[in-house]
Amino acid sequence: MTGTPAMTSMTTPTTSPSSARYGVAEIATLFPSLTLIKDASLRTKVAAVWNEAITTGCGGKGWTFDELRAVKFTLLAGDIDMSFVEHLNSCALQCIAIADVLATSFRCAIPINRDFLIAGALLADCGKPLEFDKDASGTVIQGVFGQQVRHPFTGVALAYKHSVPGEVMHIIATHSHEGDKMERSIESIIFHHADFVDFDIAKWLGKRGTKK
Ligand SMILES: [Fe+2]
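Each residue of the sequence shown is one higher than the one before, starting from 68 at the first, in the working numbering.
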């Protein structure tokens, strides 16, 4: 399946996290590729996971959509002009593009479940709103909880609560270095590399102090 994610006309929610409950339409304003998941049940589960991550993250304070959009892609690569939300959207689109290329490059069929791939791409970092907190000055930092339990673990915990399929939890669990000793599924291999394309480029730019 190829295509540009449909943009929704929904207004971005501005209500406080404590009173907000975000469904597919609202979460798709952050992550348009959500609409490319064909299985409606899986779409709803992905949105439910993100709703919980957004409303319970930041040390229990929750995040507004605007706050989440302002979070930098990575705290590890310097001052890069790419946000966390933009990174997840980049990875989801990279995954779809990689799957398209592979489908025509290999002479044998490659078993790729597109729904699992997109869901995994959108949920791989769903634990980060829990990993991140703010210090007294409002700067986003890795909180104590985030140091104790990194986002691949909290991501799987959240996904399990919402009955996300094991194939998608596998992508969340193995996408980062925690998964290096496991045999990744094809979908996880694709996401892992897309993730590090962004991360390694961000590091390259960060070293040189390049913002744009
Ligand atoms: Fe990650």
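Just so you know, even glycine gets a beta-carbon here, dropped at the ideal spot from N, CA and C.
Checklist entry - Where does the unbroken alpha helix (DSSP H) through residue 185 begin, and where does it stop? => result Mapped onto the sequence shown, residue 185 falls at position 118. Counting along the chain, the alpha helix (DSSP H) containing residue 185 begins and ends at 181 to 190.
Next on the checklist: Buried or exposed for residue 244, going by 16 or more other Cβ atoms inside 10 Å?
Outcome noted: As a position in the sequence shown, residue 244 is number 177, starting the count at 1. It counts as exposed.
Checklist entry - Given a threshold of 16 other Cβ atoms within 10 Å of its Cβ, counted over all protein chains shown, does residue 130 qualify as buried or as exposed? => result As a first step, residue 130 is located in the sequence shown; it is residue number 63 there, counting from the start. Classification for residue 130: buried.
Checklist entry - Which stretch, first to last residue, makes up the alpha helix (DSSP H) that contains residue 195? => result Here the question's residue 195 lines up with position 128 in the sequence shown. Taken as a continuous stretch (DSSP letters only), the alpha helix (DSSP H) holding residue 195 covers 195 to 198.
Next on the checklist: Could you pull the DSSP bridge partners for residue 230 from this structure?
Outcome noted: For the purposes of this step, residue 230 is identified with residue 163 of the sequence shown, where counting begins at 1. Paired residue(s): none; residue 230 is not in a bridge.
Item to check | ligand 1 site residues, beta-carbon cut 5 Å against heavy atoms | outcome: Result: 192 and 243.
Checklist entry - Applying the criterion that 16 or more other CB atoms from any shown protein chain within 10 Å of the CB defines a buried residue, is residue 117 buried or exposed? => result Position 50 of the sequence shown holds residue 117. The residue is buried, with at least 16 neighbouring Cβ atoms inside 10 Å.
Item to check | Bridge partner(s) assigned by DSSP for residue 168 | outcome: Here residue 168 corresponds to residue number 101 of the sequence shown, with the count starting at 1. Paired residue(s): none; residue 168 is not in a bridge.
Checklist entry - Considering only residues of the same chain and omitting the five flanking positions on each side of residue 70, which have a CB-CB separation below 6 Å? => result Position 3 of the sequence shown, counted from the first residue, corresponds to residue 70. For residue 70, the predicted model reports a pLDDT of 37, less than 50, meaning its position is unreliable and no value from the coordinates is stated.
Item to check | beta strand (DSSP E) segment containing residue 207, residue limits | outcome: Translated into positions along the sequence shown, residue 207 becomes position 140. According to the DSSP assignment, residue 207 belongs to the beta strand (DSSP E) that extends over 207 to 209.
Next on the checklist: Assuming residue 189 and residue 263 are in contact, meaning their beta carbons sit under 8 Å apart, how far apart are those beta carbons, in whole angstroms?
Outcome noted: The residue labelled residue 189 in the question sits at position 122 within the sequence shown. The residue labelled residue 263 in the question sits at position 196 within the sequence shown. With a Cβ gap of about 17 Å, residue 189 and residue 263 do not count as contacting.
Checklist entry - Looking at C-beta atoms only, is the number of pairs between the segment 191 to 199 and the segment 119 to 138 that lie closer than 8 Å three or more? => result Counting Cβ pairs under 8 Å, three or more are found: they touch.
Next on the checklist: For the alpha helix (DSSP H) containing residue 273, name the first residue and the last one.
Outcome noted: As a working mapping, residue 273 is identified with position 206 in the sequence shown. It spans 253 to 274 - the alpha helix (DSSP H) in which residue 273 sits, taken as one unbroken run.
Checklist entry - Alpha carbon to alpha carbon, how far is residue 253 from residue 241? => result Stepping through the sequence shown from its first residue, residue 253 is reached at position 186. Stepping through the sequence shown from its first residue, residue 241 is reached at position 174. Taking the straight line joining both Cα atoms gives about 11 Å.
Checklist entry - With C-beta atoms as the reference, is residue 185 less than 8 Å away from residue 135? => result Taking the first residue of the sequence shown as position 1, residue 185 is located at position 118. Taking the first residue of the sequence shown as position 1, residue 135 is located at position 68. Between residue 185 and residue 135, the gap from beta carbon to beta carbon reaches 8 Å or more.
Checklist entry - How many Å lie between residue 256 and residue 210 at the Cα? => result The residue you call residue 256 lines up with position 189 of the sequence shown. The residue you call residue 210 lines up with position 143 of the sequence shown. If I take the Cα positions, the gap works out to 28 Å.
Checklist entry - Considering only C-alpha positions, which residue in the set 233, 107, 119 and 146 is nearest to residue 270? => result Here residue 270 corresponds to residue number 203 of the sequence shown, with the count starting at 1. Shortest Cα-Cα distance from residue 270 to any of 233, 107, 119 and 146 involves 146.
Checklist entry - So is residue 151 buried or exposed if we call it buried at 16+ other beta carbons inside 10 Å? => result Position 84 of the sequence shown, counting from 1, holds the residue named residue 151. By the neighbour-count definition (other C-beta atoms within 10 Å, threshold 16), residue 151 is a buried residue.
Checklist entry - Is it true that the CB of residue 222 sits closer than 8 Å to the CB of residue 193? => result If you number the sequence shown from 1, residue 193 lands on position 126. If you number the sequence shown from 1, residue 222 lands on position 155. A contact, by the Cβ cut-off of 8 Å.
Item to check | residue 128 versus 139, 205, 114 and 110, residue with shortest Cα-Cα distance | outcome: Here residue 128 refers to the residue found at position 61 when the sequence shown is read from its first residue. Minimum Cα-Cα distance from residue 128 among the listed residues 139, 205, 114 and 110 corresponds to 205.
Checklist entry - Can you check whether the CB of residue 183 is closer than 8 Å to the CB of residue 234? => result Taking the sequence shown and counting its residues from 1, the one referred to as residue 234 is at position 167. Taking the sequence shown and counting its residues from 1, the one referred to as residue 183 is at position 116. Yes; because the gap between Cβ atoms is below 8 Å, this pair is in contact.
Item to check | Straight-line Cα distance separating residue 272 from residue 90 | outcome: Here residue 90 refers to the residue found at position 23 of the sequence shown. Here residue 272 refers to the residue found at position 205 of the sequence shown. Computed Cα separation, rounded: 35 Å.
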